[in-house]
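Shown next, in structure tokens, is the structure this report addresses.
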Amino acid sequence: MAFCDRFAALEDKGRATNVIYLDLSKAFDAVPHNILASKLERHGFDGWTTRWIRNWLDGRTQRVAINGSVSKWRPVMSGILQGSVRGPALFNVFVGDMDSGTECTLNKFANDTNLCGAVNKLEGRSAVRRDLDGLERWACANLMKVSKAKCKVLHMGQGNPKHKYRLGREWIETRPEEKDLRMLVDEKPNVDPTMCTCSTESHNCILGCIKRSVSSRSREVILPLYSTLVRPHLESCVQLFSTGKTWSCWSGSRGGP
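Next up, the structure:
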């Protein structure tokens, strides 16, 4: 919501906006334990808490098995447990300094990151370019890799010069639309009705699964299943569609009546 509010405000002012979607390769698995521990200390965690978290992360080993052959056990020196309660919190601490020194708006939600800046003037385009260079340096300093093939640029607003950007030596691909946290963001503020069709098909698949897997048709059984598996998708991002503005931001699972 904060992201959409940002580019909506810029468009209301008649400013063209470029949004760069960034992708950290294997983000949760690549967090170095030693760097994470040092950041915990800088955030004011006491020594006992830091050691407790280190003990929770360390002492893990892994090996590879292929066709009955196995490798030697190796210690796991990076990564935080996905699906855990602490994992996302620790990752937020790790990426907390990613936007240090940025001139444009950097939106972070777990490992989903995008950079947004007004580009009507040359100074704005230069600021976006400097921020990209800074993010590249941050990734190198923190032993993270940016999946440059998955990074995309979205040009929004009338009169957008559609400037090209690159990370390192590789150019970032330009896209007319991009999915952002289950929501399809389009470069034009028009509603695309095909998104409702695609979303409805997705919901019908879930309903078909329920129909095939559950024999009972009683209200006591079907209503909880529908409320748990279908309705949350239908209501996803509804706050964005009731603001009085018509944006081509449709939830990836929006549909139904």
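So for the sequence shown, numbering that gives the first Met the number 0 puts the first residue at 0; every next one is plus one.
From the three backbone atoms N, C-alpha and C, an ideal C-beta is built for every residue, glycine too.
Computed from a prediction, not measured in an experiment: that's the story for all the values here.
Is there contact here, the region 15-27 with the region 154-174, by at least three beta-carbon pairs under 8 Å? yes
With a threshold of 8 Å, are at least 3 pairs of Cβ atoms found where one atom belongs to the region 3-10 and the other to the region 141-158? yes
For Ser108, count neighbouring C-beta atoms within 10 Å of its own C-beta (all shown protein chains included) and say buried if the count is 16 or more, exposed if not. Note that residue 108 is Phe in the sequence shown, not Ser. Exposed: under 16 other Cβ atoms inside 10 Å.
Relative to the C-alpha of Lys147, which candidate in Ser37, Gly167 and Gly207 has its C-alpha closest? Gly167
Cut-off 8 Å between Cβ atoms - residues of its own chain near Val92, not counting five sequence neighbours on either side: Leu35, Lys38, Leu39 and His42
How big is the Cα-Cα spacing for Thr227 and Ser214? 18 Å
If you measure between the beta carbons of Phe2 and Asp179, is that distance less than 8 Å? yes
Going straight from the alpha carbon of Gly251 to that of Gly46, what length do you get? Confidence is the limiting factor: at Gly251 the pLDDT is only 40, short of 50, which leaves the residue's position unreliable and the question unanswerable from this model.
Using the C-alpha atoms, what's the distance from Asn106 back to His202? 29 Å
Only counting the same chain, and skipping five residues up and downstream in sequence, which positions put a Cβ closer than 6 Å to that of Leu134? none
What are the complete beta strand (DSSP E) segments, minimum 3 residues, inside the region 115-193? 151-155, 176-179 and 182-185
Under three-state DSSP, which class holds Phe27? coil
Which two residues bound the contiguous alpha helix (DSSP H) that contains Thr48? Gly46 to Leu56
I need the boundaries of the beta strand (DSSP E) containing Thr16, first residue and last residue. Thr16 to Asp22
How many whole angstroms separate the CB atoms of Gly116 and Thr104, which I take to be in contact at a CB cut-off of 8 Å? 7 Å
CA-to-CA distance, Ser68 to Glu62, given in whole angstroms: First, the residue type needs correcting, since residue 62 is Arg and not Glu in the sequence shown. Each residue's alpha carbon lies about 10 Å from the other.
Classify Lys107 as helix, strand or coil using the three-state DSSP reduction. strand
Buried or exposed for Glu186, please, with buried defined as at least 16 other CB atoms from any protein chain shown within 10 angstroms of its CB. buried
Range covered by the alpha helix (DSSP H) that runs through Ile79: Here Ile79 belongs to no alpha helix (DSSP H), and DSSP marks it neither H nor E.
Terminal residues of the alpha helix (DSSP H) in which Val220 lies: Arg218 to Leu228
Grab me the residues of Asp57's own chain with a C-beta within less than 7 Å of its C-beta, minus the 5 sequence neighbours each way, in chain order. His32
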